[in-house]
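For the sequence shown, position 100 (counting from the first letter as 1) is numbered 104 according to my numbering, and the numbering increases by one without interruption. We put the beta carbon where it would ideally sit given N, CA and C, even for glycine.
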Amino acid sequence: MFFSRWLDYWSRNPATRPARIGRKSPRSGLRSSLEALDERAVPHAGWSFAPENALNAPWALFASSAAGSSTDTSDAAVTTQLKVIARADTYAGQEARITVVALDADGHPVRNYTGTIALTSSDADATLPENYTFTTDDRGRATFTVKLATVGEQTITATDTTTGTIVGSATINVEAAPVATHLFVVTERDVYTGTVTRVAVAALDASNRVVPTYTGTVSLTSSDTGETLPEAYTFTSSDRGVHVFEITPSAAGDQTITATDTADATVTGNVSTTVEAAPVVTRIAVISKPATTTGTATQVYVVALDDSNHVVRNYTGTVTVTSSDTAAVLPATYTFTAEDRGVKALDVTLNTTGSQTVTVTDTADSTLTASTTISVADASTQDMDFPPMRFQGMRPHRRF
């Protein structure tokens, strides 16, 4: 920025200190204010300045006073080295992210670097990306994914394929991948018969730490012989040792769900849970915004509830939507699915001004019905222009 570079120059050259910006001297206390000014700032008469652009172009600064004048210049930034940034530790076989940054001789980032780099490693079994050519959008920085396989200290080296002296490296301590010794199983707090329930399974080591590299195959079993269970699942690297299954209990009472590695039965775990009889829907709630404008789509939420006002997640009834607005655009009859978990948002568009009602009714049980009232304004009369802003009690900003 113009002012920040001027302050740096001024601090190194006492002969230029009589220079002025308006009526203020360039004191250190002004730095934060000056740096807040962007390219809108206009240099004082007698100064010439070629501003630094986003690609590290050269700049020149000329200052003069009664005592004389001086010019300070810089050359375009030249990449002389690469910096490789990586975490200090990783596990063998686990993906790790590294960042390569182009730097000049002083260690400053070179944002216009567009060279091609190659990544190599002291680990002969490492999995590395192909050569990469930086683009202007990278601004001298790019991130890559690598996978080291050999235990011990390993280096990752980035080298410019054209100029071999432009190079950088990082050292990473590779630890042996942890081994899963057991599985941790947990379910949702409330479990009901006939309702889809999520079960999370995590692979843990002997110290109860999650094993992110676990790729075993796990099957679920249950003391509830009528329970609907998923197929055996093979963990992937993206699971990072944790996967969520879905089950549907059929019998009420205390039940046990067990997860077991199909290749090693000693890697197992279970959870006990109390399955309650599925709640019964006794009413429907309809929720909406209190106001809208004609022709504007508005979401109406339909919620299935039991006697205790708990959401009935296994509700799969069919509902129809009606309105006091005969010109309204309403959704078609809708049947809830297990994925809705008792809550569904439906779009309605009201076209008649005034107070209008939207009613939702279960097609199989008309006692399950509810309404919401929405105030509808004429969209054509709604002034969307912002009025002029007025600031009372504020003084005009004082110029430097």
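### Query
Is S328 helix, strand or coil by DSSP?
Here residue 328 refers to the residue found at position 324 of the sequence shown. S328: coil per DSSP, three-state reduction.
### Message
For a minimum of 3 consecutive residues, which ranges assigned as the beta strand (DSSP E) are wholly contained in the segment 81-150?
### Response
Segments of the beta strand (DSSP E) lying fully in the segment 81-150: 85-90, 93-95, 99-107, 120-125.
### Task
Express the C-alpha separation of E99 and T131 in angstroms, rounding to a whole number.
Position 127 of the sequence shown, counted from the first residue, corresponds to residue 131. Position 95 of the sequence shown, counted from the first residue, corresponds to residue 99. Each residue's Cα considered, the two are about 9 Å apart.
### Task
Starting from the C-beta of T118, find all residues in its chain whose C-beta is less than 6 Å away, skip the five residues before and the five after it, and write them out in chain order.
Locating residue 118 in the sequence shown gives position 114, counting from the first residue. Once the five neighbours on either side are set aside, the close Cβ partners of T118 are F138.
### Query
Comparing alpha-carbon positions, which option in D310, T297, A374 lies nearest A383?
One-based indexing of the sequence shown puts residue 383 at position 379. That would be T297, whose Cα lies nearest to the Cα of A383.
### Query
Do T84 and A109 have their C-beta atoms within less than 8 Å of each other?
One-based indexing of the sequence shown puts residue 84 at position 80. One-based indexing of the sequence shown puts residue 109 at position 105. Yes. Within cutoff.
### 3 or more residues per run - each beta strand (DSSP E) lying fully within the segment 178-222
186-191, 201-208
### Query
Which of helix, strand or coil does DSSP assign to S292?
Position 288 of the sequence shown, counting from 1, holds the residue named residue 292. Note: S292 maps to coil in three-state DSSP.
### Query
Near A176, what residues of its chain come up, given a Cβ to Cβ distance below 6 Å and the 5 sequence neighbours on each side ignored?
Within the sequence shown, numbered from 1, the residue matching residue 176 stands at position 172. The sequence given here places Ile at residue 176; Ala does not occur at that position. The beta carbon of I176 is closer than 6 Å to those of A90, T94, Q158 in its chain, skipping five residues each way along the sequence.
### Task
Could you check what DSSP says for S384 in three-state terms: helix, strand or coil?
Locating residue 384 in the sequence shown gives position 380, where the first residue counts as 1. Assignment of S384 by DSSP, reduced to helix, strand and coil, places it in the helix class.
### Task
Following the continuous beta strand (DSSP E) through N274, name the residue where it begins and the one where it ends.
Numbered from 1 along the sequence shown, position 270 holds the residue referred to as residue 274. First-last of the beta strand (DSSP E) with N274: 272-280.
### Member of F188, T385, G156, L107 whose CA lies at the smallest distance from the CA of D209
The residue you call residue 209 lines up with position 205 of the sequence shown. Nearest option by C-alpha distance: F188.
### Query
For T300, which of D369, S359, V214, A381 has the nearest alpha-carbon?
Along the sequence shown, one-based indexing puts residue 300 at 296. The residue with the shortest Cα to Cα distance from T300 is A381.
### Query
CB-CB under 8 Å to L86, same chain, minus the five flanking residues each way: which ones, in chain order?
As a position in the sequence shown, residue 86 is number 82, starting the count at 1. Cβ neighbours of L86 beyond the five flanking positions: V104, V105, A106, L107, I121, A162, T163, D164, I170, V171, G172.
### Query
Who are the near neighbours of V304 in its chain, counting only those whose CB is closer than 8 Å to its CB and skipping five residues on each side?
Looking up residue 304 in the sequence shown gives position 300. Excluding residues within five positions, the ones whose Cβ falls inside 8 Å are V290, I291, S292, V325, A349, L350, D351, V352, V362, V364, T376.
### Query
Cα-Cα, which of T199, A256, V155, E231 is closest to N318?
One-based indexing of the sequence shown puts residue 318 at position 314. The option with the nearest alpha carbon to N318 is T199.
### Query
Going by Cα to Cα distance, which pick from Y237, S227, A236 is closest to V275?
Translated into the one-based positions of the sequence shown, residue 275 becomes position 271. Here the closest residue by C-alpha is S227.
### Task
Given a cut-off of 8 Å, decide if A204 and V214 are closer than it, judged by their beta-carbon atoms.
As a position in the sequence shown, residue 214 is number 210, starting the count at 1. As a position in the sequence shown, residue 204 is number 200, starting the count at 1. No, these two residues do not count as a Cβ contact at 8 Å.
### Task
Return the CA-CA distance between T262 and T221, expressed in angstroms with no decimal places.
The residue given as residue 262 occupies position 258 in the sequence shown. The residue given as residue 221 occupies position 217 in the sequence shown. Going from the Cα of T262 to the Cα of T221 covers about 14 Å.
### Query
Hey, V316 and P294: beta-carbon distance below 8 Å or not?
Stepping through the sequence shown from its first residue, residue 316 is reached at position 312. Stepping through the sequence shown from its first residue, residue 294 is reached at position 290. Against a cut-off of 8 Å, the Cβ pair of P294 and V316 comes out as no contact.
### Query
With which residues is T376 paired in a DSSP beta bridge?
Within the sequence shown, residue 376 is the residue found at index 372, counting from 1. Answer is V362.
### Own chain residues within Cβ distance below 7 Å of T341, not counting five before or after
Against the sequence shown, residue 341 aligns to sequence position 337. T320, listed in sequence order.
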